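Protein chains in written order, with our numbering: chain X, 1 to 232; chain V, 1 to 232; chain Z, 1 to 232. Here a beta-carbon is modelled for each residue, glycine too, at the ideal position from N, C-alpha and C. Computed from a predicted model, the values in this text were never measured in an experiment.
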Amino acid sequence: MIDQTAQIGDRVVIGENVVIEENVKIGSDVVIGHHVVIKKDTVIGDHVHIHDLTSLGRSPAGNKKMARKPPVDLSPLIIHPHSIIGSNCVIYRGTILYEGVLVGDLASIRENVRVGNDTIIGRNAVVENKTQIGERVTIQTGSYITADMIIEDDVFIGPCFSSSNDKYMGKGNYPHQGPIIKRGAKIGNNATLLPAITIGAESIVGAGAVVTKDVAEKETVAGNPAKPLKRT
Amino acid sequence: MIDQTAQIGDRVVIGENVVIEENVKIGSDVVIGHHVVIKKDTVIGDHVHIHDLTSLGRSPAGNKKMARKPPVDLSPLIIHPHSIIGSNCVIYRGTILYEGVLVGDLASIRENVRVGNDTIIGRNAVVENKTQIGERVTIQTGSYITADMIIEDDVFIGPCFSSSNDKYMGKGNYPHQGPIIKRGAKIGNNATLLPAITIGAESIVGAGAVVTKDVAEKETVAGNPAKPLKRT
Amino acid sequence: MIDQTAQIGDRVVIGENVVIEENVKIGSDVVIGHHVVIKKDTVIGDHVHIHDLTSLGRSPAGNKKMARKPPVDLSPLIIHPHSIIGSNCVIYRGTILYEGVLVGDLASIRENVRVGNDTIIGRNAVVENKTQIGERVTIQTGSYITADMIIEDDVFIGPCFSSSNDKYMGKGNYPHQGPIIKRGAKIGNNATLLPAITIGAESIVGAGAVVTKDVAEKETVAGNPAKPLKRT
């Protein structure tokens with residue numbers, strides 16, 4: 001079902017049973033897999049490739065238990081040219097993926113996120129709302145990027161990374177702050193970051209480290225709780 | 001495809017390519033996204049919202065390697081009013097979601113689970129079979145809730161939590177017991193619980209902690225293995 | 001949509017809105033759920049069951065940031081008889097699942113993987129490219145099996161396991177090596193393995209352990225970093 005208000009460019013390949021809702025804009029040379037859903041107002045640039053069974057442009061929801069209500073007035077999802085979206089992904093309204101972004105299968109990205117040029121969001125990764133991700137960042141498979149996080153350019157995050165932004169663990173409606181990861185830092189697989197800490201530029205966090213306080217620029221930390229490694 | 005034996009209430013919005021199998025009962029004011037599958041006998045209450053590409057009511061499967069064979073005679077999946085189910089979710093027969101439950105995108109819930117009123121099951125979370133979850137519980141994104149687990153009311157579980165229920169790790173067909181998390185406990189992100197331990201009421205488990213034995217009521221533990229923090 | 005070049009055996013049950021592309025071969029007594037996508041050239045043996053909303057046989061993709069370009073000339077995906085594939089899964093070309101394999105919902109398996117007879121790949125698990133998995137292996141829910149990994153027969157991997165294969169964390173295009181897990185080893189939930197280490201036959205890795213070097217045959221290790229437990 002393609003809504004008659006949708007605008008579709010040249011040489012677009014559309015799979016079986018694709019749903020394109022009202023006011024969607026699709027550039028040229030786009031490939032759309034089977035059973036894809038593109039929700040209203042979504043904007044897709046030239047040469048974007050969207051794999052099967054993915055839903056683009058959904059709006060957030062909330063229940064009674066959620067302290068912070070979802071925003072109601074989001075701008076459309078915008079996917080810039082040459083980006084690739086995997087199979088069975090879910091990406092929300094209010095988010096912008098810049099040029100050449102790669103999103104792996106079964107990943108989800110919430111509202112009001114920015115993802116810079118040529119960044120990779122791995123398979124099964126989750127990016128929460130209001131997080132800013134720079135250019136040429138690698139976020140590997142299964143990593144969890146909490147809300148209100150800042151990830152600068154050229155950061156590398158290994159698989160199964162975990163972060164949090166709520167130091168009182170669900171006590172209510174107060175400001176949350178995710179970690180800040182500065183330019184070029186490298187974080188090993190299954191590392192854990194606590195809320196609001198800063199990981200310095202070009203620092204290294206070891207695999208499995210539990211980081212409870214700031215890491216200085218170019219420092220290497222490991223362990224639970226993470227401590228600086230002795231320089232050799 | 002809507003089977004002719006399905007009963008559908010008033011003001012129900014049904015997306016494109018939805019499959020509703022035999023004997024499904026759907027209340028009024030329900031919204032069903034595109035490409036949703038509602039398998040036979042499923043019961044959906046009023047004001048439920050189901051997002052795109054979700055499958056509700058599947059039956060369990062097993063292969064030769066599985067020590068415990070899946071049950072064959074499950075009651076239908078029942079979703080009570082005002083619940084919200086995300087995109088690309090999978091929820092099994094034999095399970096009940098009570099009122100106002102929120103299930104995030106890409107989450108899955110197996111058979112014979114109970115989820116209490118106003119509880120949140122986060123995006124990408126997995127809940128295994130025969131687990132009981134109370135009211136107003138928060139289970140954040142990517143958490144793994146093993147089988148045979150009991151989670152009481154008002155528990156908070158941060159993202160990327162891990163639990164297990166099999167202390168002999170796959171040796172065969174003997175009783176399994178997941179952890180028991182008592183009322184109001186809070187568990188930090190990427191914490192690990194071993195089988196059959198009890199986390200006391202209103203206790204706190206730090207982010208990244210590996211909990212190998214019981215935690216007392218109101219106690220705070222952290223580290224690997226987790227130990228009580230000194231009181232200040 | 002079933003392409004006219006597809007070959008389909010006897011007594012095959014095909015759900016609603018299934019897409020079967022060109023040159024697909026499907027055996028007899030196969031069950032295919034709703035909204036399944038079977039991409040070109042895929043080969044499916046007798047008595048295979050594929051649940052809803054799964055995509056089989058996709059090709060890999062890459063963006064500018066990826067040091068190693070995806071292969072272009074992959075053999076078809078082959079699924080041997082009596083295997084079961086869950087809902088919302090993604091499995092790539094170039095991979096072979098042998099007899100009686102069980103793949104859980106929302107799991108993904110990349111190109112050039114081999115999965116031995118009667119092995120279980122849990123729900124939400126991810127298996128990266130070029131990994132070899134033996135027979136009767138259990139990989140539990142949410143585990144991350146990196147690329148270039150070898151997992152021998154009868155290994156048990158608990159839920160939320162994490163591995164990595166890149167000791168320089170994204171520095172470029174050099175050889176990668178995932179861990180090697182020898183026959184009958186057991187690994188607890190949320191354990192972390194560093195690149196290129198060997199886990200000895202019949203050894204045990206405790207839940208939450210961070211394993212930074214080789215583990216000897218029949219040894220038990222735990223902690224961060226993991227150390228041998230004293231024998232009792």
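Item                                                                                                                               : Value
Reference V:Gln-7, options V:Met-1, V:Val-13, V:Ile-14 and V:Asn-23, closest by Cα                                                 : V:Asn-23
8 angstroms CB neighbourhood of X:Gly-134 in its chain, flanking five on each side removed                                         : Gly-116, Thr-119, Ile-151, Glu-152, Asp-153, Asp-154, Val-155 and Arg-183
Beta-carbon neighbours of X:Thr-192, restricted to chain V and to distances below 9 angstroms                                      : Cys-160, Gly-188, Asn-189, Asn-190, Ala-191, Ala-207 and Gly-208
Cutoff 9 angstroms: X:Gly-86 Cβ touching any chain Z Cβ                                                                            : yes
Chain V residues whose Cβ lies nearer than 7 angstroms to that of Z:Leu-106                                                        : Val-90, Leu-106 and Ser-108
Inter-stretch contact (C-beta, 8 angstroms, three-pair minimum) for the segment 222–231 of chain Z and the segment 2–18 of chain Z : no
V:Ser-108 versus V:Asp-52: straight-line alpha-carbon distance, rounded                                                            : 14 angstroms
Cβ-Cβ distance between X:Pro-179 and X:Ser-203 below 9 angstroms                                                                   : no
Separation of X:Met-149 from X:Asn-112, as counted between CA atoms                                                                : 12 angstroms
DSSP three-state assignment for V:Lys-227, whether helix, strand or coil                                                           : strand
Z:Ala-185 to V:Tyr-168 span [Cα, whole Å]                                                                                          : 12 angstroms
CB-CB length for V:Ser-87 against X:Ser-55, believed under 8 angstroms                                                             : 5 angstroms
is_contact[X:Gly-172, chain V] using C-beta, thresh 9 angstroms                                                                    : no
Extent of the continuous beta strand (DSSP E) run through V:Ile-2                                                                  : Here V:Ile-2 belongs to no beta strand (DSSP E), and DSSP marks it neither H nor E.
Environment of V:Gly-188 [buried if 16+ CB atoms lie within 10 Å]                                                                  : buried
Coil, strand or helix - Z:Arg-58 by DSSP                                                                                           : strand
DSSP three-state assignment for X:Leu-193, whether helix, strand or coil                                                           : strand
Z:Leu-97 versus Z:Val-103 - alpha carbon distance                                                                                  : 10 angstroms
Where X:Arg-93 falls, given that 16 or more other Cβ within 10 Å makes a residue buried                                            : buried
is_contact[V:His-35, chain Z] using C-beta, thresh 9 angstroms                                                                     : yes
Residue of Z:Val-37, Z:Gln-140 and Z:Asp-29 minimising C-alpha distance to X:Gly-15                                                : Z:Val-37
Z:Lys-230, buried or exposed, once every other Cβ within 10 Å from all chains shown has been counted against 16                    : exposed
Short Cβ contact (9 angstroms threshold) for Z:Thr-131 with X:Ala-207                                                              : no
Beta-carbon proximity of Z:Asp-41 to Z:Leu-77, cut-off 9 angstroms                                                                 : yes
9 angstroms Cβ cutoff met for V:Gly-33 and V:Ile-44                                                                                : no
Below-9 angstroms beta-carbon distance, Z:Arg-123 vs any chain X residue                                                           : no
Coarse secondary structure for Z:Tyr-174, derived from DSSP in three states                                                        : coil
Residue of Z:Arg-11, Z:Glu-21 and Z:Tyr-144 minimising C-alpha distance to Z:Met-1                                                 : Z:Glu-21
Buried or exposed by the 16-neighbour rule on C-beta atoms within 10 Å, applied to V:Ser-75                                        : exposed
Exposed unless 16 or more other CB atoms sit within 10 angstroms - verdict on Z:Gly-170                                            : buried
Coarse secondary structure for X:Val-19, derived from DSSP in three states                                                         : strand
Residues of the segment 26–59 of chain Z whose Cβ lies closer than 7 angstroms to any Cβ of chain X, in chain order                : His-35, Val-37, Leu-53, Ser-55 and Arg-58
Partner residues on chain Z for X:Glu-16, Cβ-Cβ distance less than 7 angstroms                                                     : Met-1 and Val-19
Proximity test, Cβ basis, 9 angstroms: X:Gly-116 and chain V                                                                       : no
Sequence-distant residues of the same chain with beta carbon closer than 8 angstroms to X:Pro-71, five excluded per side           : Pro-60, Gly-94, Glu-111 and Asn-112
Test: X:Arg-183 CB closer than 9 angstroms to a CB of chain Z                                                                      : no
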